[in-house]
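Worksheet: one structure, shown below.
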Amino acid sequence: MKAEDLKGDGCTVFAPATVANIGCGFDILGFALKNPGDRLSLKISRTEGIRIETRSAFDTIPAEPEKNTAGVAVQAMLDEMQAEFGVNLLIEKGLPAGSGLGSSAASAVSAVYALNRLLPAPYDNHALVQFALEGEKIASAGQYHADNVAPCLFGGIVLARSAQPPDIIELPVPRNLFCVIIHPHVEIKTAVSRRKLPEQIPLKTAVRQWGNIAGMISAFYRNDLHLLARSLEDSIAEPVRSGQIPHYDEIKQAALRSGAIGCNISGSGPSVFALTTGIENARRICASMEKILNENETRYDAFVSVINPNGAEIISVD
Ligand code: ADP
5 MKAEDLKGDG
15 CTVFAPATVA
25 NIGCGFDILG
35 FALKNPGDRL
45 SLKISRTEGI
55 RIETRSAFDT
65 IPAEPEKNTA
75 GVAVQAMLDE
85 MQAEFGVNLL
95 IEKGLPAGSG
105 LGSSAASAVS
115 AVYALNRLLP
125 APYDNHALVQ
135 FALEGEKIAS
145 AGQYHADNVA
155 PCLFGGIVLA
165 RSAQPPDIIE
175 LPVPRNLFCV
185 IIHPHVEIKT
195 AVSRRKLPEQ
205 IPLKTAVRQW
215 GNIAGMISAF
225 YRNDLHLLAR
235 SLEDSIAEPV
245 RSGQIPHYDE
255 IKQAALRSGA
265 IGCNISGSGP
275 SVFALTTGIE
285 NARRICASME
295 KILNENETRY
305 DAFVSVINPN
315 GAEIISVD
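Residues 5 to 322 (this note's numbering) are what the sequence shown spells out, left to right.
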């Protein structure tokens, strides 16, 4: 494909943070937030190849295309299209890397979503997941997992029944569902965190986990928040990962005492999420979680967000 065949010279995209796993759904469940997120501007260039400029208030992410999730994702798409042009990317990070909020996935998604907007025959989201996954893979020790990329693209709550090949199922979102995020200022790299997980799971533990996953999916379809509360537990990753998160048990207890439906680790952490209904409940639960970190003089960010039904969005087209 040539640059003249495209529907514009560039565009700007917002791609939101995501909460992967939702407790029991390790690697297969995730949902999208409204904020924070990444903003990415893509400009078509007559010169082949990818050039990346990054702006981040938090940390330095690689600008080399082959080390940046956005670069690898968009390269996969350019290869598939046999593009005879290149792209310049400006990535403005709205969320820190290694936060457990899908920072690497947001960049990968925003890049492929932006290029897709300019195509005469755009790919659907199911096809775009595969390109974004190629980017996300470099931040995940070479493994495919779609539980950030898929909700970031589709929005709402998503089941990634399989990551390779991707089999993505959009799930119903319970009415008025809000999420509280507490991000303590420690960095946990997904790639490192994944290596600490057990390779073998005792049958009893597995049975408990798949009961909870089935319960959670049923809860979404039935809008049954009591069932969601009973199912929002994790017998596999949480016991291993919670120790790396400052004051995790106290934060979780504070959220549950304040009426949260459930509270668990977002992705591989250190962010912690709690679910509830309505903005007032969310703000009260957020304050109770913040109190723990304030008392312990631990730095953090806090976010309250409704579940984002849309996922990535076009901000402007040039
Ligand atoms: P998160 O869950 O917040 O995405 P990860 O550990 O999965 O955290 O990803 C962060 C890692 O990915 C870091 O090592 C970072 O340097 C690398 N990375 C590469 N490209 C990007 C990008 N565009 N945005 C964020 N992180 C990136």
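C-beta atoms are modelled at their ideal positions from N, C-alpha and C, and glycine is treated no differently.
Everything numeric in this text was worked out from a predicted model, so none of it was measured.
Environment of residue i [buried if 16+ CB atoms lie within 10 Å]
| i | result |
| --- | --- |
| residue 221 | buried |
| residue 318 | exposed |
| residue 51 | exposed |
| residue 230 | exposed |
| residue 11 | exposed |
| residue 200 | exposed |
| residue 56 | buried |
| residue 263 | exposed |
| residue 144 | buried |
| residue 6 | exposed |
| residue 102 | buried |
| residue 162 | buried |
| residue 125 | exposed |
| residue 23 | buried |
| residue 75 | buried |
| residue 71 | exposed |
Of the residues the options, the one placed nearest residue i, counting alpha carbons only
| i | options | result |
| --- | --- | --- |
| residue 53 | 197, 87 and 200 | 87 |
| residue 117 | 18, 207 and 294 | 18 |
| residue 90 | 252, 47 and 204 | 47 |
| residue 31 | 138, 5 and 153 | 153 |
| residue 316 | 97, 49, 114 and 76 | 114 |
| residue 217 | 34, 22 and 9 | 34 |
| residue 276 | 249, 147 and 60 | 249 |
| residue 58 | 84, 25, 92 and 83 | 92 |
| residue 232 | 266, 203 and 321 | 266 |
| residue 207 | 240, 185 and 145 | 240 |
| residue 25 | 301, 135 and 278 | 278 |
| residue 209 | 223, 192, 183 and 242 | 242 |
| residue 173 | 213, 253 and 224 | 224 |
Ligand 1 heavy atom lying under 7 Å from the CB of residue i
| i | result |
| --- | --- |
| residue 36 | no |
| residue 45 | no |
| residue 71 | yes |
| residue 200 | no |
| residue 166 | no |
| residue 176 | no |
| residue 111 | yes |
| residue 193 | yes |
| residue 107 | yes |
| residue 19 | no |
8 Å contact criterion, which residue i and residue j should meet: CB distance rounded
| i | j | result |
| --- | --- | --- |
| residue 100 | residue 63 | 6 Å |
| residue 312 | residue 94 | Rounded, the Cβ-Cβ distance is 23 Å, inconsistent with contact. |
| residue 104 | residue 272 | 6 Å |
| residue 185 | residue 270 | 7 Å |
Cutoff 8 Å: residue i Cβ touching any chain B Cβ
| i | result |
| --- | --- |
| residue 195 | No chain B is part of this structure, which consists of one protein chain only. |
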